Amino acid sequence: MKFNKGAVIDEPGSTEKNKTGGWRDKKPVIDKSKCTKCGICWVFCPEGAIYRNEKGEFEINYDYCKGCLICAEECPIKVISITEEEK
Amino acid sequence: MKTLISGNEACAIGAKLCRPKVIPVYPITPSTHTAEKISELIANGELDAEMIKVESEHSALSACIGAQVCGVRTFTVTASQGLALMHEVLFNASGLRLPIVMGVANRALSAPINIWGDQSDALAERDSSWLQFYCESAQEILDTVIQAYKISENHDVLLPSMVCFDGFTLSHVSEPVDVPEQSEVDEFLGDYIPYYKFDIENPKTIGALAFPDTFMEFKKQQEDAMRKAKETIKIVNKEFSKKFGRSYGDGLIDAYNMEDAEKCLIALGSLCSTAKVVVDNLREKVGIVRVRSFRPFPSNELRDICSGVKAIAVIDRAFSYGHAGVLYNEVKSALYDLKERPKISNFVIGLGGRDVRKEDIEFSIKNADKNEIFWVNTKE
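Residue numbers (this note's numbering), protein chains in the order written: chain A, 313 to 399; chain B, 656 to 1035.
Quick look at the structure:
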């Protein structure tokens, strides 16, 4: 671990190294069989933790998803379920 | 060149000699004349700096931080409520390890409203991780501003400094001051070499979040830096003496008549001058230790110089309500490790600008061995 004086971060992009998914206590799960790929969850995710895979499906990156559940709230056809996070 | 100037002007000229580039200020009594003098020096073309007239002291110190992270020397000055309003920004300046230097013309805090001198303002910022120097004369204010830049900017220290001087008794009193040549100060101080700064070629994040797994390490670094500052203060005091022919004790404490002292008086700031007159007229073996550096606190130095002393009077111009005088607490805690502990009493004097009289000092010396806290010269 590097402790620069003044807590200065001297290389860009360090935010990526903080896997903030550890803060989550509720986990959103997309039911891909029912998802219409409208992309509203992707638009609303405040962390940019939802992305589109090669097949064009929306997926959640659980390394960074903090479990705010805005995606589940906004999904117009309610195919994002809320499950308890278990660690 | 010797000239007759007030403590506030000495502070301004001291700062000017260090060539700060950005000076954000929000004037407040009794420090106003420092800001006034600086604006005059800029207007005259004697100082090449940007003076920012901000909307509050909170903004003044924030602007210092902003300028300093861009790689320039900064300066500001305040007092009392103004310093209190800076409170949260003080911790940012020290946590970011920025060697800002600030003049503080010590004054009481309201309520009741009071614009006169005591040391409640700066001493209430004890734990902000700023170095704190307390001056005895206008000359010392000027010299300490120069020293403070040199100490703070040392890359082993990198903590901001407050140069404190008693409101009115120093800020508004004119004394002969030897003003060094600009070239001498340039040689002594050198150019400002920032430890880090914003740079488009090398992007950085400054002021980021530290999680619980790293926060303590950064705070420990600040304490390590404070410990290193003790040595740096002593070294800079010696170097200053070599260059300018003036020094202040060992930099941390300034002892007077302590060689064979049986009693001793410990205090901060200008009242030590009054105390010297009193001690000179007494037929007792009484010495004075003026604490010049309150942070870092000279615990070892006080232990060394006070071993063998039988009774100590600690004079305070600030009080920690519910306990005792601020300096008294520190001195007592430092001397606890002595094998033969002296008797030690606390004398609260001169709050809110009340005169510190010779009689008050005499009373303190006389009652030093009572092990009590006295509020001196107060009405029933």
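Virtual Cβ for every residue (Gly too), placed ideally from N, Cα, C. Source: prediction; values computed, not measured.
Strictly below 9 Å CB to CB, what residues from chain B border residue i?
i: A/D322; result: Y851, N857, P858, K859, T860
From the beta carbon of residue i, is the nearest beta carbon of chain A less than 7 Å away?
i: B/A863; result: yes
i: B/E808; result: no
i: B/E872; result: yes
So with CB distances below 8 Å, who are the chain A contacts of residue i?
i: B/F746; result: Result: empty, since nearest Cβ-Cβ is about 13 Å, beyond 8 Å.
Please decide whether residue i counts as near chain B, where near means a Cβ-Cβ distance under 7 Å.
i: A/K338; result: no
Please list the partners that residue i has in chain B, where partner means a Cβ-to-Cβ separation under 7 Å.
i: A/K317; result: R752, L813, Y850, Q876
With 16 other CB atoms within 10 Å as the buried threshold, where does residue i fall?
i: A/N365; result: exposed
i: A/P358; result: exposed
i: B/C673; result: buried
i: B/A989; result: buried
i: A/V355; result: exposed
i: B/T887; result: buried
i: B/E808; result: buried
i: B/T824; result: buried
i: A/N330; result: exposed
i: B/D821; result: buried
i: B/K918; result: buried
i: B/T1033; result: exposed
i: B/M656; result: exposed
i: B/D776; result: buried
i: B/Q837; result: exposed
i: A/C350; result: exposed
i: A/W335; result: exposed
i: B/V1011; result: buried
i: B/F730; result: buried
i: B/E712; result: buried
i: B/L797; result: buried
i: B/G750; result: buried
i: B/L659; result: exposed
i: B/G862; result: exposed
i: B/S925; result: buried
i: A/M313; result: exposed
i: B/R882; result: exposed
Determine which residues share a DSSP beta bridge with residue i and list them.
i: B/M757; result: B/T731, B/M817
i: B/D971; result: B/V1003
i: A/P340; result: A/I394
i: B/L659; result: B/P831
i: B/T860; result: A/I321
i: B/A979; result: B/S975
i: B/V1011; result: DSSP, once it has assigned bridges, lists no residue as partnering B/V1011.
i: B/I890; result: Paired residue(s): none; B/I890 is not in a bridge.
i: B/I678; result: B/M706
i: B/D909; result: B/R945
i: B/I1028; result: B/N1001
Under 9 Å Cβ-Cβ, which residues of chain A neighbour residue i?
i: B/T869; result: M313, F315, A319
Hey, is residue i's beta-carbon within less than 7 Å of any beta-carbon in chain D?
i: B/D959; result: In the structure shown, chain D cannot be found, because the protein chains are A and B.
What I want to know is whether the C-beta of residue i ends up closer than 6 Å to one or more non-hydrogen atoms of the ligand ZN.
i: B/L797; result: Looking at this structure, you won't find the ligand ZN or any other ligand, since it has none at all.
Quick check on the DSSP output: what are the complete alpha helix (DSSP H) runs of length 4 or more inside the region 690 to 755 of chain B, in order along the chain?
712 to 723, 735 to 740, 742 to 750
Could you tell me which uninterrupted alpha helix (DSSP H) segments, each at least 4 residues in length, are contained entirely in the region 799 to 853 of chain B, listed from first to last along the chain?
837 to 844
Whole alpha helix (DSSP H) elements within the region 758 to 793 of chain B, 4-residue minimum
The region 758 to 793 of chain B contains, as complete alpha helix (DSSP H) runs of 4+ residues, the segments 775 to 778 (chain order).
Any chance you could list the alpha helix (DSSP H) runs of at least 4 consecutive residues sitting entirely within the region 912 to 977 of chain B, in chain order?
When DSSP assignments are scanned along the region 912 to 977 of chain B, the uninterrupted stretches of alpha helix (DSSP H) that are 4 or more residues long and fall wholly within it turn out to be 926 to 936, 954 to 961.
Every unbroken alpha helix (DSSP H) within the region 323 to 388 of chain A, with a cutoff of 4 residues, ordered by chain:
352 to 356, 382 to 386
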